Structure formats: C-alpha cells, structure tokens
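J.:
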Amino acid sequence: MLVIHNSLTQRKEEFRPLEAGKVSIYVCGLTVYDYVHLGHARMLVAFDVIVRYLRARGFEVNYIRNITDVDDKILNRATENEEWYGDVTERFIAAMHEDERALAILPPDQEPRATEHIDEIVAMIEVLMDKDLAYRADNGDVYFSVMQYPDYGKLSKKKLDELLDGARVEVGELKRDPRDFALWKASPDDGVGWDSPWGYGRPGWHIECSAMSTCALGDNFDIHGGGSDLMFPHHENEIAQSEAATEKPFANMWMHNGPLRVDDEKMSKSLGNFFTVREVLQNYDAEVVRHLLIASHYRSPINYSEQSLKQSIKALERFYQCLKDLSLSDAKWLTNSRFEKAFFAAMDDDFNTPKAFGVLYDMVSEINRQKAANPDLANQLGRLMVKLGGILGLLQSSPSDFLQRGGSAELDVAKVEDLIAQRERARQDRDWHRADEIRAQLAAMKVVVEDAVGGSSWRIER
RNA sequence: GAGACCGUGGCAGAGAGGAAAUGCUGCAGCCUGCAAAGCUGUGAUGCGUCGGUUCGAAUCCGACCGGUCUCUCCA
10 MLVIHNSLTQ RKEEFRPLEA GKVSIYVCGL TVYDYVHLGH ARMLVAFDVI VRYLRARGFE
70 VNYIRNITDV DDKILNRATE NEEWYGDVTE RFIAAMHEDE RALAILPPDQ EPRATEHIDE
130 IVAMIEVLMD KDLAYRADNG DVYFSVMQYP DYGKLSKKKL DELLDGARVE VGELKRDPRD
190 FALWKASPDD GVGWDSPWGY GRPGWHIECS AMSTCALGDN FDIHGGGSDL MFPHHENEIA
250 QSEAATEKPF ANMWMHNGPL RVDDEKMSKS LGNFFTVREV LQNYDAEVVR HLLIASHYRS
310 PINYSEQSLK QSIKALERFY QCLKDLSLSD AKWLTNSRFE KAFFAAMDDD FNTPKAFGVL
370 YDMVSEINRQ KAANPDLANQ LGRLMVKLGG ILGLLQSSPS DFLQRGGSAE LDVAKVEDLI
430 AQRERARQDR DWHRADEIRA QLAAMKVVVE DAVGGSSWRI ER
C-alpha cells in the first residue's frame, strides 16, 4: 500500500488515484530569470524520485511541471540586460535543461509555459468575473476576492481574519480587501502584455498554475507538488481560484518538499552562501550532489555543507566499490528478493529514501559477503541493486568510471597506468621499497592504488 | 505577534505504542608484504527537560527549554 503525506490533512494517507493505475501530478516549476540554484535542484530531484518510483511501481504517470516565463523578475532582468524578455527566458530555460540533464532529472511529460496559455488563463479569469468572485480595479488590474472563498487558508492553516493583520497595505491600494490577490496585471501600452477583456496586461503568477494544471490534467487531479515555501500564498491562492471557478475539488493531495539550507543557514545571495547548480558541479560530481539531495527524506530540511558532500562521496564509493568486481550483464534477474521487497516497502511509506538507502547498504554488505561464497548470487544481487538504485536515479555509471572520474584536469591516466604496471613488476620482484615509492608517487597525484588477487586497480582520492 | 514543524549515538539520518535501521567516524580482530578496499565485533540502558496516560512511550497528552520555517508573487 502506497502512503503519501498530504499537506492538506497534514498526515499520511493511502494513495488512491482518480483512475486506477494512473497518476496525474502537477508540480510548480521555475521562474526563468536566472540559473538553477541548489534549492531548485532539491525540488526537481525530490519530484524526479517520486515520479520515477511511481513508474517503477507500475503507475502510468502524467507528470506536468510548468515554466513561468513572464513575471516581474523576468521583465526586470530583461530591462537590466537591455534585451527582449523572451531572450532572457529562452536562455535560462536552455540552461535549466542542461542542469537537469546533469543531475539525471528526467523531463516531465509536459512542460507548459505561461505565455503559451494566455487563452486558458483569460478564460478562467472570465469565469471568476462572471461569478462575481473577481473584480477589475480602475487601472485594469483584476483581483480575486478572497472573502468570497470561505475555505481560504485550508492548506496553510491560516485564518482569514488573522491574515488581515499581517496583510500589507500599499499606498494607493487598488484592492477592495488587502487579502485579495492579482489575477491579471495591467501593462503599459509599450510593455509586455496581451489583450484581454479588462485591457492590455499579463497574468498574475497564481492563476498561471491553476490554468496550466487544469488544462493538462483537468479540474480535479491526483497530486499537486512544490516547495514548502509556496504553500502560502501561491498554493493557497491556486486552490481558491480553481475551486471557486470549477466548484470541484482541485488537487486531491498536496506534496511539499522541505527547504535546502547551506551551512545551517538559509541560502541567500546576501549571506554569500548562494550556489547555482552549475557552480557546484564544477567542484563536485553530479551524482554526489544528487545523492546528497535524496539522502534525507523529501519533507525534511537538507543541510548542504562540505561535510554532507563528503558523506555522499563516501556513500557512493561504497556502492561502486561493491559493484566494481561484479559482472552484471550475464547475471540472472532475482525475483522475490527480500531486498527488493524491503526497498519498495520503504518507498511505499511516503517515499522514504533514507530507509530505502538502508536497504541498499544491507545489499552491499550481503554482496560483499557473497563475492567469495557465492559469486553468482553476488552478481544477481548486484544487478538488482543497480536496478533499485536506478529508481533513485543513482548507480547508473560504470564503477570504474565513477571511481576514476573527477580527478584534477591534468591527471595523466596513461602515466597512472604506467606507474601501476611498474609497481606490479616491483611487487612481483618483492621489491616492497620500490612498490611503496610508486604508491606514494601516485598518492601525490590523488590516486589510490588497491591491490587485489586479480591485479591492482586505482581510484581518485576525492 | 499569528500559524506550522523539529529536537534520536562523535556526525549524518530512519523509526511514530511492545527487541533504538543504516552510512560515516572511533576502537579491536581477520585479510594484506605493508596499505587500501572488504569482512567480523564493538559503540545511544538511551531518543531536549519535567510531568501525565498505558501492563508497556523515542513514539500519545501537557508544560517548559532550544531550534527552524511561513505570514501576499522565494523551489
């Protein structure tokens, strides 16, 4: 039985899809005005694992993740750069796709863009206007009237009257109520915008996701996900708009991934601990970063630090050291393995990746024990472990590649191989002094030699 | 101020009424020419503190202490 934590009820619930065997899931994607940062990566990887697992479990998944490609931040960036906003978004969408590929994040089934759904957005606002749940302000902005949706706050557990205290009242307020939020924002005639019944303008952020999710998945669908910081107001507003417009339940379950922190502090540009994915990947292997992002449960905060990266390096080295001397290609597929069952049981429990890792480490121990006792079984278990690792998007490299890649750029592999050959000869001559000398020489190059019965192998000291 | 969440061995991190997973680290042993890797053993009589419920609590309830997040466009 698959159990998922539902942010709406704040508890784990049995997952019952609307249609047996199928899952419809919408996740709030990025606003593309800059490079993907580690916080984004956390969200992308979290839902990538969730979708991979749902598929591995046999569900037919329809995974939608949008792109917000028109927004104040984008327009500001375009103005700063003195370029057309569409060039800004195209560039950062391309960069985002690059970073996703590096981190083994599979593309969603659809990646709708706000600018390609203006008609649906306008149509949804029209429905709200017709129902008198929204109103046009004098300047052409259109606002949603929060008071008319009594369930407002059901996701973030906020009370309507308490929200009034904290609501920011701006000078020259156009809203009838400070809690109301924009569905449509008027644009200057020479600015970016589209014609609408309320005048020239562009969509508000919240309505984009309501319109795109409904367009792709229907009024009512299984799962809506995103970062926990989007719960209020973004997701709250989505629920209000959608349920008010359709008079049907919106997403049945809400899933929120936890935040990423850096050295125990919130990641921010002002603190100087802000990392983009591409910066991090210059210094660390993408698989290591991915491991770090799923070594904690998706709802827990993750702390990104030098130390946590080191732990992920060690963890992956353990896996790949184990796989290194197996031959998997001709191994039979193990069926009904207790490890596979335990892995699925862990993931069935709200995608408990740390528990699932526990199972994989148990497999490593068992494989290492069986290498001598029952090599066939070791190979079979190894093959299964690679398959299970694949559900997490890990362990798909060849062991020697993982263990040997990521050294300094000037590492001369031919020289390493040559030194190892020389050392082999020295060892055959029982010239331990010479062998140790060569080993020290390799160590200076950040290369670790490991002697085994079949010959010596090497890996990078990370 | 309001709301939500969290506090588990040296570190990381599961467990959510009935033997405290797992990884790293430490120590001991085996293996090895020596290492590395691997294997075996060892490590919280205890799960922030104090009470309560229960035959039984890390798990439920209450208070307190400490920490984090959210509060109108941040994943």
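Each residue of the first sequence is one higher than the one before, counting from 10 in the numbering used here.
Note that beta-carbon positions come from the ideal geometry of N, C-alpha and C, so glycine has one too.
These figures come from a predicted structure and were not determined experimentally.
1) If you follow the beta strand (DSSP E) that E23 is part of, which residue opens it and which one closes it?
2) Relative to the alpha-carbon of P26, which residue among G48, P197, G200 and F68 has its alpha-carbon at the smallest distance?
3) R347: which of F259, M394 and R443 sits nearest, CA to CA?
4) Sort D204, L183, G213 and K184 by Cα distance to K194 and report the nearest one.
5) Identify which residue in M156, N90, G234 and A113 has its Cα closest to the Cα of I13.
6) Start and end of the beta strand (DSSP E) containing S73?
7) What residues in its chain sit with their C-beta under 6 Å from that of K364, if we drop five residues either side in the sequence?
8) Out of curiosity, what's the CA-to-CA distance linking W263 and E252?
9) Who are Y77's beta bridge partners in DSSP?
10) Please list, in chain order, all residues of the same chain as V79 whose beta carbon is under 6 Å from its beta carbon, the five residues on each side excluded.
11) Where R471 and L290 are concerned, what is the direct C-alpha to C-alpha distance, given to the nearest angstrom?
12) Would you call the stretch 96 to 107 and the stretch 265 to 284 in contact, with 3 or more CB pairs under 8 Å?
13) Using the three-state DSSP reduction, which class does M105 fall into: helix, strand or coil?
14) Going by other Cβ atoms of all chains shown within 10 Å of its Cβ, with 16 needed for buried, is W207 buried or exposed?
15) Along the chain, where does the beta strand (DSSP E) containing A461 start, and where does it finish?
16) So the candidates are H126, Q405 and Y209; which of them puts its Cα closest to the Cα of D199?
17) Return the Cβ separation of S465 and V458 in integer angstroms, given the expectation that the two are a contact with Cβ distance under 8 Å.
18) CA-CA distance, M454 and K163?
19) In the DSSP assignment, find the unbroken beta strand (DSSP E) run with N15 in it and report its ends.
20) At what residue ranges does the stretch 150 to 210 contain a whole run of the beta strand (DSSP E), taking only runs of 3 or more?
21) What is the rounded straight-line gap between the Cα of I73 and the Cα of W467?
22) Return the first residue and the last residue of the alpha helix (DSSP H) that F352 is part of.
23) Can you name the residues that DSSP bridges to F230?
24) Tell me the rounded alpha-carbon separation between Y472 and I59.
25) Could you tell me the alpha carbon to alpha carbon distance between G48 and V54, rounded to whole angstroms?
26) Do S237 and V131 count as a contact pair if the criterion is CB distance below 7 Å?
27) Rounded to the nearest angstrom, what separates N75 and D108 at their Cα positions?
28) Would you report the Cα separation of R20 and R110, rounded to the nearest angstrom?
29) Quick check on this structure: which residue in F352, Y329, L390 and A113 has the alpha carbon closest to the alpha carbon of K341?
30) Tell me which same chain residues have a C-beta within less than 6 Å of the C-beta of N246, skipping the five on either side of it?
31) Quick one, are the C-beta atoms of K257 and N229 less than 7 Å apart?
32) Pull up the distance between the alpha-carbon of L401 and that of Q119, whole angstroms please.
33) Bridge partners of T285, per DSSP?
34) Between the C-alpha atoms of P116 and S338, what's the straight-line distance to the nearest angstrom?
35) Among the residues of its own chain, which have a CB less than 6 Å from the CB of L137, if the five just before and after it don't count?
36) What did DSSP end up calling Y293 once you bin it into helix, strand or coil?
T.: Looking at the coordinates:
1) The sequence position of residue 23 within the first sequence is 14, counting from 1. First-last of the beta strand (DSSP E) with E23: R20 to E23.
2) Position 17 of the first sequence, counting from 1, holds the residue named residue 26. Minimum Cα distance to P26 is reached at F68.
3) Here the question's residue 347 lines up with position 338 in the first sequence. Relative to R347, the option among F259, M394 and R443 whose CA is nearest is M394.
4) Residue mapping note: residue 194 aligns to position 185 of the first sequence, counting from 1. Minimum Cα distance to K194 is reached at G213.
5) As a first step, residue 13 must be located in the first sequence, where it is residue number 4. Considering only alpha carbons, the answer is G234.
6) The count along the first sequence starts at 1 and reaches residue 73 at position 64. For the record, residue 73 in the displayed sequence is Ile; it is not Ser. For I73, the enclosing beta strand (DSSP E) begins and ends at E69 to R74.
7) Here the question's residue 364 lines up with position 355 in the first sequence. Within the same chain, K364 has close Cβ partners A355.
8) Counted from its first residue, the first sequence places residue 263 at position 254. Counted from its first residue, the first sequence places residue 252 at position 243. In a straight line, the C-alpha of W263 is about 14 Å away from that of E252.
9) The residue you call residue 77 lines up with position 68 of the first sequence. Just to set this straight, residue 77 is Thr in the shown sequence, not Tyr. DSSP, once it has assigned bridges, lists T40 as partnering T77.
10) For the purposes of this step, residue 79 is taken as the residue at position 70 of the first sequence. A123, T124 and R211, listed in sequence order.
11) Reading the first sequence from its first residue, position 462 is the one you call residue 471. Reading the first sequence from its first residue, position 281 is the one you call residue 290. Distance between the alpha carbons of R471 and L290 is about 14 Å.
12) no
13) Translated into positions along the first sequence, residue 105 becomes position 96. For M105, the three-state secondary structure derived from DSSP is helix.
14) Here the question's residue 207 lines up with position 198 in the first sequence. Looking at its Cβ environment, which holds 16 or more other Cβ atoms inside 10 Å, W207 is buried.
15) What you label residue 461 is simply residue 452 of the first sequence in a count that begins at 1. Note, A461: beta strand (DSSP E), V456 to A461.
16) As a position in the first sequence, residue 199 is number 190, starting the count at 1. Taking only the C-alpha atoms, the option nearest D199 is Y209.
17) Walking along the first sequence from the start, residue 465 turns up at place 456. Walking along the first sequence from the start, residue 458 turns up at place 449. Contact holds; Cβ gap of about 5 Å.
18) By 1-based counting over the first sequence, the position of residue 454 is 445. By 1-based counting over the first sequence, the position of residue 163 is 154. Approximately 59 Å, taken between the alpha carbons.
19) Within the first sequence, residue 15 is the residue found at index 6, counting from 1. From DSSP, the beta strand (DSSP E) with N15 extends over V12 to N15.
20) Entirely contained in the stretch 150 to 210, the beta strand (DSSP E) runs reaching 3 residues are, in chain order, 151 to 153 and 190 to 195.
21) Translated into positions along the first sequence, residue 73 becomes position 64. Translated into positions along the first sequence, residue 467 becomes position 458. Here the alpha carbons of W467 and I73 stand approximately 43 Å from one another.
22) Here residue 352 refers to the residue found at position 343 of the first sequence. Note, F352: alpha helix (DSSP H), R347 to D357.
23) As a position in the first sequence, residue 230 is number 221, starting the count at 1. Answer is A260, bridged to F230.
24) Examination of residue 472 is not possible in this model, given that the chain is present from 10 through 471 alone.
25) For the purposes of this step, residue 48 is taken as residue 39 along the first sequence, with counting starting at 1. For the purposes of this step, residue 54 is taken as residue 45 along the first sequence, with counting starting at 1. Each residue's Cα considered, the two are about 10 Å apart.
26) Within the first sequence, residue 131 is the residue found at index 122, counting from 1. Within the first sequence, residue 237 is the residue found at index 228, counting from 1. It is not a contact, given that the beta carbons lie outside the stated cut-off.
27) Position 66 of the first sequence, counted from the start, is the residue given in the question as residue 75. Position 99 of the first sequence, counted from the start, is the residue given in the question as residue 108. Straight-line Cα distance between these residues: approximately 16 Å.
28) Here residue 20 corresponds to residue number 11 of the first sequence, with the count starting at 1. Here residue 110 corresponds to residue number 101 of the first sequence, with the count starting at 1. Looking at the two C-alpha atoms, the distance is approximately 33 Å.
29) Your numbering for residue 341 matches position 332 in the first sequence. Comparing Cα positions, the closest option is L390.
30) Locating residue 246 in the first sequence gives position 237, where the first residue counts as 1. Closer than 6 Å at the Cβ level, and outside the excluded window around N246, lie F190 and H215.
31) Counting from 1 along the first sequence, the entry for residue 257 is found at position 248. Counting from 1 along the first sequence, the entry for residue 229 is found at position 220. Yes; because the gap between Cβ atoms is below 7 Å, this pair is in contact.
32) As a first step, residue 401 is located in the first sequence; it is residue number 392 there, counting from the start. As a first step, residue 119 is located in the first sequence; it is residue number 110 there, counting from the start. Here the C-alpha atom of L401 lies approximately 21 Å from the C-alpha atom of Q119.
33) Taking the first sequence and counting its residues from 1, the one referred to as residue 285 is at position 276. DSSP lists H46 as partners of T285.
34) Working through the first sequence from its first residue, we reach residue 116 at position 107. Working through the first sequence from its first residue, we reach residue 338 at position 329. For P116 and S338, the distance between alpha carbons rounds to 28 Å.
35) In the first sequence, counting from the first residue as 1, residue 137 sits at position 128. Excluding residues within five positions, the ones whose Cβ falls inside 6 Å are A143 and A254.
36) Taking the first sequence and counting its residues from 1, one reaches residue 293 at position 284. The DSSP-derived three-state label of Y293 is coil.
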